[in-house]
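J.: Okay, handing you the structure first.
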Amino acid sequence: SYAIENSRADFKYVKIPFDQIDGSGIELNDNDFKNYLEENRDEFETETETRTLDYLAFDVIPTTEDSNSIRSRMEELNKEFAITDNDSVFTTVNNGAYTHLYAPFESIPADLQDGIAALEIGEIYGPVVSNDYYVSAKLLGKQLVPDSVTARHILIRADRNNKISLDAAMTLIDSLKRELRSGTSFDSLAIKHSADTQSGLQGGDLGTFPQEMMVPEFAQACFIDGKKRGLYTVTTQFGVHLIEVQDQIFNNKDPKYKVASIGLVIKPSQETQDNKYDEVAEVVAEARNIDELKTAISNLDNASIESSEALDINDFSLGNLGSGQSSREIVKWAFDPSVEAGDVSPEVYRYTDKVNYYDNKYVIISLKSIDKPGLPPVDAVRSDIETAVLNAKKGEQLKNSLQVSTLDDLASQYNVTVETASDIAMNNRFIPGMGNEPDVIGAAFRLDAQAISQPIVGNSGVYVIQPLSKQEAGVPTNIPFLKNSVSTATRSQVTFKLIDNMKKRAEVMDDRYKFF
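So that you can map any letter, position 462 of the sequence shown is 462 in my numbering, and since no number is skipped, the others follow by simple counting.
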């Protein structure tokens, strides 16, 4: 273990990427795919039966009429938005946004910037289309606002819903103001009276802060209403504050904007959803097997069949359709004992927008294959592994034909460069510029210095290397520590391995698919 971690090698190499190797004369047959699967058994072998689906998803898109109808509703909302006296509540119930903060112009959504720049206070811009919504914005304020403020405060605890408590706090604040005018220092009053003990012990100092750090009433006093060296009384949910604004910092003199917005999602109407469902149902009615399905969609625009990954009987997620009850129902159909490869489900499956709750997809499915435990059949994975199989064949073909004299000649022949890998350990999993290439690392430690290797077919190309030097690990100085380190790493796997072994030996039957 010590030698593997601490031996080092430096070597030069030439990499010929697979995409620079001519594969035009290579023909792949089933044996090539079978050999690849066998060589990569750990990656592809399964312990349980899996099934693969072909599926066709039809997106439900709002029509022009749907969009115009929603725009008309938005224009009616704008009339209410313009006269409401509670922008916060109105925006909340109409898919909008409200904030007490004044923001830089560049932080306003790009779709709204041009319109808002021309508004007077209280005017509305919109509706405009933004991220599948019709959006309208109302300008609530526009003024020069500091980017940050330095202030200190004295907090007197009070319940603002309790008049007696609030009046008592106000009375104490008034007395503190009189003491300040008579020459008592703010620091001493904060230390003595402030309920905010953290800042109180610092003479009420809050440091320098931006708007968003403070509750709205406090921020209003410091950033909007307040002036440098001003003294202000503010009531918040914490109580009554006596605030001294010590400094207002302006990074520039550009005005900031207070904006509220409302929105309506542009979604298909119920009529549009029903019409699309009927269209997809007609396709299903014409197709009882995959060949009939392909015929039925041949004249449809943008209709293409996709294949799922290998599915387990308890899976609830399906390709780019994601997870959910519809995906689970599809998997349950796929594993029904009466369903055979090539069958098309008679049902149209609905997928719902999880935010706006309308049917956004209708899906047709067909069972592509039933894959027994072990390695999958070639047809089930051919499209997934074809590039890798072709690369392996190209690599072997080049390896058998390549004549190497020097690395420089080889690099010139393939228009690549000679690179150097330095300080590489035997257990390196990643080499900069190469990636994961264990066969290359093995050759670097096996060959003598300055010897040129035979071509090595790696994961991303064909390599030829020339070791420059090797540094042996030397004699370890702390054998007990190394033994403990190795045994600790092994022990960490024991619990997992034991539980995994017990599960296999118990032969647990997972029957969740029967109920969920």
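We put the CB at the ideal spot given by N, CA and C, even for glycine.
Check the C-beta distance from ILE549 over to ILE266 and give it rounded, since I have them as a contact under 8 angstroms.
T.: Nothing about residue 549 can be reported from this structure: the residues present for the chain run from 1 to 516 only.
J.: Near ARG382, what residues of its chain come up, given a Cβ to Cβ distance below 8 angstroms and the 5 sequence neighbours on each side ignored?
T.: Within the sequence shown, residue 382 is the residue found at index 382, counting from 1. Once the five neighbours on either side are set aside, the close Cβ partners of ARG382 are PHE33.
J.: Find the nearest neighbour of ASP247 within the set GLN325, LEU264 and PRO146, judged by alpha-carbon distance.
T.: Locating residue 247 in the sequence shown gives position 247, where the first residue counts as 1. Minimum Cα distance to ASP247 is reached at PRO146.
J.: Taking buried to mean at least 16 other C-beta atoms within 10 Å of its own C-beta, is GLN413 buried or exposed?
T.: The residue given as residue 413 occupies position 413 in the sequence shown. Exposed: under 16 other Cβ atoms inside 10 Å.
J.: Would you kindly check if the distance between the Cβ of GLN211 and the Cβ of ASN101 is under 8 angstroms?
T.: Start at 1 with the first residue of the sequence shown, and residue 101 comes out as number 101. Start at 1 with the first residue of the sequence shown, and residue 211 comes out as number 211. Note on residue identity: the sequence assigns Leu, not Asn, to residue 101. Taking 8 angstroms as the Cβ cut-off, LEU101 and GLN211 qualify as a contacting pair.
J.: Pull up the distance between the alpha-carbon of ASN415 and that of VAL464, whole angstroms please.
T.: Here the question's residue 415 lines up with position 415 in the sequence shown. Here the question's residue 464 lines up with position 464 in the sequence shown. The alpha-carbon atoms of ASN415 and VAL464 are separated by roughly 14 angstroms.
J.: Measuring CA to CA, which of GLU507, ASN251, ASP359 and LYS332 is closest to LYS514?
T.: In the sequence shown, counting from the first residue as 1, residue 514 sits at position 514. Minimum Cα distance to LYS514 is reached at LYS332.
J.: Counting C-beta neighbours from all protein chains within 10 Å, is the total for VAL440 16 or more, i.e. buried, or is it exposed?
T.: Counting from one through the sequence shown, the residue named residue 440 turns up at place 440. VAL440 comes out buried.
J.: Between which residues of its own chain and GLU75 is the CB-CB distance below 8 angstroms, once the five residues before and five after are set aside?
T.: Within the sequence shown, numbered from 1, the residue matching residue 75 stands at position 75. Once the five neighbours on either side are set aside, the close Cβ partners of GLU75 are PRO127.
J.: In this structure, does DSSP put LYS15 in helix, strand or coil?
T.: As a working note, residue 15 is residue 15 in the sequence shown. DSSP places LYS15 in strand when its eight states are reduced to three.
J.: Start and end of the alpha helix (DSSP H) containing GLY183?
T.: Locating residue 183 in the sequence shown gives position 183, counting from the first residue. Where GLY183 is concerned, there is no enclosing alpha helix (DSSP H), given that its DSSP letter is neither H nor E.
J.: Have a look at ALA9 and SER345 and give me their C-alpha separation to the nearest angstrom.
T.: Position 9 of the sequence shown, counted from the start, is the residue given in the question as residue 9. Position 345 of the sequence shown, counted from the start, is the residue given in the question as residue 345. If you take the alpha carbons of ALA9 and SER345, they lie about 59 angstroms apart.
J.: Rounded to a whole number of angstroms, what is the C-alpha to C-alpha distance between VAL508 and PRO376?
T.: Reading the sequence shown from its first residue, position 508 is the one you call residue 508. Reading the sequence shown from its first residue, position 376 is the one you call residue 376. Going by the C-alpha atoms only, they are around 24 angstroms apart.
J.: Do PHE18 and SER453 have their beta-carbon atoms positioned less than 8 angstroms apart in this structure?
T.: Position 453 of the sequence shown holds residue 453. Position 18 of the sequence shown holds residue 18. No. Outside cutoff.
J.: Measure the beta-carbon distance from ILE365 to LEU53 and round it to whole angstroms, keeping in mind my assumption that it falls under 8 angstroms.
T.: Reading the sequence shown from its first residue, position 365 is the one you call residue 365. Reading the sequence shown from its first residue, position 53 is the one you call residue 53. Right, their Cβ atoms sit about 5 angstroms apart.
J.: Quick one: measure Cβ to Cβ for SER199 and HIS153, integer angstroms, because I've assumed they're closer than 8 angstroms.
T.: Looking up residue 199 in the sequence shown gives position 199. Looking up residue 153 in the sequence shown gives position 153. At roughly 7 angstroms, the Cβ-Cβ gap stays under 8 angstroms, so SER199 and HIS153 are in contact.
J.: Does DSSP put ALA519 in a helix, a strand or coil?
T.: Residue numbering for the chain in the displayed model covers 1 to 516; residue 519 lies beyond these limits and cannot be assessed.
J.: Helix, strand or coil, according to DSSP, for LEU498 in the structure here?
T.: The residue you call residue 498 lines up with position 498 of the sequence shown. Helix.
J.: Determine contact between the segment 230-239 and the segment 156-174, defined as no fewer than three beta-carbon pairs at a distance below 8 angstroms.
T.: yes
J.: Within the same chain, show all residues whose beta-carbon is closer than 6 angstroms to that of SER369, passing over the 5 residues directly before and after it, in chain order.
T.: Position 369 of the sequence shown, counted from the first residue, corresponds to residue 369. Correct list, in chain order: THR52, ALA341 and ALA380.
J.: Ends of the beta strand (DSSP E) at GLU65?
T.: Along the sequence shown, one-based indexing puts residue 65 at 65. Here GLU65 belongs to no beta strand (DSSP E); instead the alpha helix (DSSP H) covers 64-83.
J.: May I ask you to report which of helix, strand or coil DSSP gives ALA158?
T.: Mapped onto the sequence shown, residue 158 falls at position 158. DSSP places ALA158 in coil when its eight states are reduced to three.
J.: Sort LYS256, ILE262, ASN161 and VAL149 by Cα distance to MET213 and report the nearest one.
T.: Numbered from its first residue, the sequence shown carries residue 213 at position 213. Nearest option by C-alpha distance: VAL149.
J.: Where does ASN31 land, buried or exposed, given buried means 16+ other C-beta within 10 angstroms?
T.: Numbered from its first residue, the sequence shown carries residue 31 at position 31. Exposed, by the Cβ-count rule.
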